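Chemist: Structure in structure tokens, see below.
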Amino acid sequence: MKYEKLSKDIIKAVGGKENIVSLQHCMTRLRFVLKDESRVNDEQIENIDGVLSLIKKGGQYQIVIGTHVHDVYLDVCQLAGIQEEKEEHVKKEKKGIFNALFSTIIGCIGPIIPILVGTGLGKCILLFISMMGWADAETSMTYYVFNFVFDSGITFLPVFTAVAAARHFKCNMYMAAVLGCALVHPNWNAIVSATDPKFIGDMFGFLPLYGMPYTSTLIPSILIVYVMSKLEFGLNKFLPELVKGMLTPLLTLLIMTPVAFVVLAPAMGIISIYLGEALLWMYDTFGMFAIAIMCIVYPWMVATGMHATLAIAGIQILSQSGYDPFSRTLTLTANMAQGAAAFACALKTKNNDFRNTCLSAGFTAFFAGITEPCIYGVTVRLKKPMYAVMIGCFAGGLYAGFCGLKAFAFMTPSIVNFPMWIGGNNPNNLMNAIITMIISAVVTFVATLLIGFDDIEEKHENENKFNQVNSPVKGKVISLKEVHDEMFSKEVLGKGVAIIPTEGKVYAPANGIINATFDTKHAIGMTTDNGTEILIHVGIDTVKLDGKPFVQHVKKGDYIKAGTLLLEFDMKEIEKAGFDYTTMIVVTNSQEYLEVIPTKLEKANKNDPILTII
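Residue numbers for the sequence shown follow this note's numbering, so the first one is 6 and each next one is one higher.
Right, dumping it as structure tokens:
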């Protein structure tokens, strides 16, 4: 496996494979749903080499990897034994309404984005072919066939959404597909097209039926499948095993048909229409200023994972009006601004490694439309360039709003995805998109150079090869093999060194996080900034003293600097009780390193190097 170590580190940091309920991925992020988030070590995840950032949003634990996320996802699935249809029965933690809604939207819409991208780009290509006169849209059979194939991406959106929602709600996706197909059935559309949306009849003689088209909608399918999942679960729970396979699908359709067409679909259909109309009204009313202001906020929405909500709004507008003047424009300005900021940082930095990071992230933003490497590797990391990004986004958004820029396909804006801006009655729309790109990029590039940033110091060669652990106590240095406890002498817990203290004080051997404390206060565990896991154990069998000779000055989760006083102990009281106060310093993740080399010093003072880790 190409990313085996990275995948193992991630699985360990999220609490082990038994803590993973489900795992999905988008273009740059692993999206975990976990049983117990308290078992996760956030600091450890953020310090993993290969992880760009950590985001906790919408009930999901998102680990930002980059453009190679799919390969990492496959390795994690293989190592953790995660299967596509895996289902776990766990006690779910209560979420807020917004978090639950946001998590549902991501789970239901995310899987169908490739359909929208592929069919949208196909429509743009056909339009370009027609404009160039390479095919006649009225007479070419080839054009005709490809046209209705690409149209299917939007036309049958309720079906695709229903299947994705079934996966999210863990119910029968084929039954969900039937209900999705019913929403776009030709017979229903024939009835609806014959009249304006209104009450067109009764079901069972007393349930009023509201007639409206559901082609190209998103929200009705999600709610229908959610209700269906609850119904299906109840039927499977209470129906006898003998008739369950026959009656569950029949009763599901008998119950869901009136519920869907009388209540759920029309209610959500109306909401979908008003949502799209509200966004279009805001665009028509406030125009350039609405776009410009949203462009300022959008880079931060991407950084926090909130941008998916605007993408869904863009899909809804696109399906209603045939164009999106809102969400794709925001993404266009942000992608160009992030790429330009990264290039400006590459020009100004004196750190060669960081320069390579900036160039790679910038090209990814410009040509793939993926900005997470820029955000977490450059702009948010350095902070100041993010302000330059906001300035560039505002300038590009102001022009885009002024000229009425529109996208005619749901795609990720980039330099190569120019066909998405071809269409409509404005022949200058593509040129306006290019000008928007240039404005966003140039303004951001200049602003980044003017504002500046605090450069990242370049690591010395030896810092990349090994790190050192200082002595936490003052005293005589001895080998672990001399310790009268096989857990330490046989290096069961890891490699290290022991010290016979001459004073009862324990100091932090390095900068890091306290990750383990004990009620008996006889030991402390910590993870250094370099990822080294250290256990400091005072005495042999001193756990039996129940903490009486110890005073602890830190608690689990504290971030401490090297030399910070961690705990104190009374050497005379320990000795009087008949125990040995020899202190062991052990690297518990020794197996992750080539070697852990003890010092050759016979005596150590506080902060003297006692372990070299390669």
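Quick reminder that beta carbons are idealized off the backbone N, C-alpha and C, glycines included.
Being a predicted model, the structure only gives us computed values, none of them experimental.
Who are the near neighbours of residue 103 in its chain, counting only those whose CB is closer than 6 Å to its CB and skipping five residues on each side?
Modeler: As a first step, residue 103 is located in the sequence shown; it is residue number 98 there, counting from the start. Any answer about residue 103 is weak, because its pLDDT of 47 lies below 50 and its placement is not dependable; what the coordinates show is given next. Cβ within range, chain order: n/a, list empty.
Chemist: Going by beta carbon distance, what residues of the same chain come within less than 6 Å of residue 536, once the five residues before and after it are set aside?
Modeler: Position 531 of the sequence shown holds residue 536. Hits under 6 Å: 52.
Chemist: Whether or not the region 490-501 and the region 523-533 are in contact is what I'm after, with contact meaning three or more pairs of Cβ atoms, one per stretch, closer than 8 Å; do they touch?
Modeler: Touching, no.
Chemist: Between the beta-carbon of residue 400 and the beta-carbon of residue 444, is there less than 7 Å?
Modeler: The residue labelled residue 400 in the question sits at position 395 within the sequence shown. The residue labelled residue 444 in the question sits at position 439 within the sequence shown. Yes, the pair counts as a contact, with Cβ atoms nearer than the cut-off.
Chemist: Excluding sequence positions up to five away, which residues of its chain have a Cβ less than 8 Å from the Cβ of residue 480?
Modeler: Along the sequence shown, one-based indexing puts residue 480 at 475. These residues qualify, in order along the chain: 504, 505, 506, 507, 508, 588, 608, 609.
Chemist: Roughly how many angstroms separate the alpha carbons of residue 181 and residue 294, rounded to a whole number?
Modeler: To locate residue 181, count along the sequence shown from 1; it is residue 176. To locate residue 294, count along the sequence shown from 1; it is residue 289. So the two alpha carbons sit approximately 42 Å from each other.
Chemist: Could you name the residues of the same chain whose beta carbon sits closer than 7 Å to that of residue 22, not counting the 5 residues immediately before and after it, in chain order?
Modeler: As a position in the sequence shown, residue 22 is number 17, starting the count at 1. Only 16, 85, 86 meet the Cβ criterion.
Chemist: Does residue 89 pass the burial test, meaning 16 or more other C-beta atoms within 10 Å, or should it be called exposed?
Modeler: Here residue 89 corresponds to residue number 84 of the sequence shown, with the count starting at 1. In this prediction, residue 89 scores a pLDDT of 48, lower than 50, which makes its location untrustworthy; the coordinate-derived value is nonetheless stated afterwards. Per the 10 Å Cβ criterion, exposed.
Chemist: To the nearest angstrom, report how far apart residue 9 and residue 597 are at their CA atoms.
Modeler: As a working note, residue 9 is residue 4 in the sequence shown. As a working note, residue 597 is residue 592 in the sequence shown. The alpha-carbon atoms of residue 9 and residue 597 are separated by roughly 13 Å.
Chemist: Alpha carbons only, please: which of 475, 12, 234, 546 is nearest the one belonging to residue 513?
Modeler: Position 508 of the sequence shown, counted from the start, is the residue given in the question as residue 513. Residue 513 has its Cα closest to that of 475, out of 475, 12, 234, 546.
Chemist: In three-state terms, what does DSSP make of residue 567?
Modeler: Here residue 567 refers to the residue found at position 562 when the sequence shown is read from its first residue. Coil at residue 567, not helix or strand.
Chemist: How would you call residue 44, buried or exposed, if buried means at least 16 neighbouring beta carbons within 10 angstroms?
Modeler: By 1-based counting over the sequence shown, the position of residue 44 is 39. With fewer than 16 Cβ atoms within 10 Å of its Cβ, residue 44 is classed as exposed.
Chemist: Using a threshold of 7 Å, state whether the C-beta atoms of residue 38 and residue 26 are closer than that.
Modeler: Taking the sequence shown and counting its residues from 1, one reaches residue 38 at position 33. Taking the sequence shown and counting its residues from 1, one reaches residue 26 at position 21. A contact, by the Cβ cut-off of 7 Å.
Chemist: Just the Cα atoms here: how many angstroms apart are residue 465 and residue 353?
Modeler: Your numbering for residue 465 matches position 460 in the sequence shown. Your numbering for residue 353 matches position 348 in the sequence shown. For residue 465, the pLDDT reaches just 46, beneath the cut-off of 50, and the residue's location in the model is therefore unreliable, although a value from the coordinates is still provided. Taking the straight line joining both Cα atoms gives about 20 Å.
Chemist: With distances taken Cα to Cα, identify the nearest neighbour of residue 77 among 36, 48, 164, 216.
Modeler: Here residue 77 is taken as the residue at index 72 of the sequence shown, counted from 1. Looking at the Cα atoms, 36 is the closest of the given residues.
Chemist: Are residue 227 and residue 113 touching if we call contact CB-CB under 7 Å?
Modeler: Locating residue 227 in the sequence shown gives position 222, where the first residue counts as 1. Locating residue 113 in the sequence shown gives position 108, where the first residue counts as 1. Yes, the Cβ-Cβ distance between residue 227 and residue 113 is below 7 Å.
Chemist: Secondary structure at residue 331, three-state DSSP: helix, strand or coil?
Modeler: Along the sequence shown, read from residue 1 onward, the residue named residue 331 stands at position 326. Coil, per DSSP.
Chemist: From the DSSP output, which residues share a beta bridge with residue 572?
Modeler: Position 567 of the sequence shown holds residue 572. Answer is 511, 557, bridged to residue 572.
Chemist: Hey, quick one: how far does the alpha helix (DSSP H) through residue 48 stretch, first residue to last?
Modeler: As a working note, residue 48 is residue 43 in the sequence shown. Taken as a continuous stretch (DSSP letters only), the alpha helix (DSSP H) holding residue 48 covers 47-51.
Chemist: Ordered along the chain, which non-local residues of its own chain (more than five positions away) have a Cβ less than 7 Å from that of residue 307?
Modeler: Taking the sequence shown and counting its residues from 1, the one referred to as residue 307 is at position 302. So the list reads 339, 376, 380, once near-sequence residues are dropped.
Chemist: Smallest Cα separation from residue 167: which of 178, 75, 262, 501?
Modeler: Here residue 167 is taken as the residue at index 162 of the sequence shown, counted from 1. The residue with the shortest Cα to Cα distance from residue 167 is 178.
Chemist: Does DSSP put residue 296 in a helix, a strand or coil?
Modeler: Here residue 296 refers to the residue found at position 291 when the sequence shown is read from its first residue. Reduced to three states, the DSSP call for residue 296 is helix.
Chemist: Between residue 564 and chain B, is any beta-carbon pair separated by less than 7 Å?
Modeler: Here there is only one protein chain, and chain B is not present.
Chemist: Roughly how many angstroms separate the alpha carbons of residue 561 and residue 490, rounded to a whole number?
Modeler: Locating residue 561 in the sequence shown gives position 556, counting from the first residue. Locating residue 490 in the sequence shown gives position 485, counting from the first residue. If I take the Cα positions, the gap works out to 26 Å.
Chemist: Do you know whose CA, among 236, 184, 595, 368, lies nearest residue 421's CA?
Modeler: What you label residue 421 is simply residue 416 of the sequence shown in a count that begins at 1. Ranking 236, 184, 595, 368 by Cα distance to residue 421 puts 368 first.
Chemist: Using 8 Å as the Cβ pair cut-off and three pairs as the minimum, do the region 566-575 and the region 590-606 touch?
Modeler: Counting Cβ pairs under 8 Å, fewer than three are found: no touch.
Chemist: Checking 7 Å against the spacing of the C-beta atoms, do residue 660 and residue 573 come in under that value?
Modeler: Because the chain in this structure spans residues 6 to 619, residue 660 falls outside the shown range and cannot be described.
Chemist: What does the alpha-carbon distance come out to for the pair residue 266 and residue 188?
Modeler: By one-based count along the sequence shown, residue 266 stands at place 261. By one-based count along the sequence shown, residue 188 stands at place 183. For residue 266 and residue 188, the distance between alpha carbons rounds to 8 Å.
Chemist: In chain order, what residues of the same chain have a beta carbon less than 6 Å from the beta carbon of residue 28, not counting five sequence neighbours either side?
Modeler: For the purposes of this step, residue 28 is taken as the residue at position 23 of the sequence shown. Cβ within range, chain order: 37, 87.
Chemist: Can you give me the Cβ contacts of residue 606 inside the same chain, cut-off strictly under 8 Å, excluding the 5 residues immediately before and after it?
Modeler: Numbered from 1 along the sequence shown, position 601 holds the residue referred to as residue 606. Around residue 606: 482, 613, 615.
Chemist: Does DSSP put residue 80 in a helix, a strand or coil?
Modeler: The residue given as residue 80 occupies position 75 in the sequence shown. In this structure, residue 80 counts as helix in the three-state DSSP scheme.
Chemist: Run through the DSSP bridge pairs and tell me what residue 343 is partnered with.
Modeler: Here residue 343 refers to the residue found at position 338 of the sequence shown. Its beta-bridge partners do not exist; DSSP assigns none.
Chemist: Buried or exposed for residue 176, please, with buried defined as at least 16 other CB atoms from any protein chain shown within 10 angstroms of its CB.
Modeler: Sequence index remark: in the sequence shown, residue 176 carries index 171 (1-based). Residue 176 should be labelled buried.
Chemist: Return the first residue and the last residue of the alpha helix (DSSP H) that residue 12 is part of.
Modeler: Looking up residue 12 in the sequence shown gives position 7. Residues 9-18.
Chemist: Just to confirm, are residue 407 and residue 328 a CB contact at a threshold of 7 Å?
Modeler: In the sequence shown, counting from the first residue as 1, residue 407 sits at position 402. In the sequence shown, counting from the first residue as 1, residue 328 sits at position 323. Cβ atoms of residue 407 and residue 328: not closer than 7 Å.
Chemist: Taking contact to mean 3 or more Cβ pairs, one atom from each stretch, closer than 8 Å, check whether the region 444-459 and the region 423-436 are in contact.
Modeler: Contact fails: fewer than three Cβ-Cβ distances are below 8 Å.
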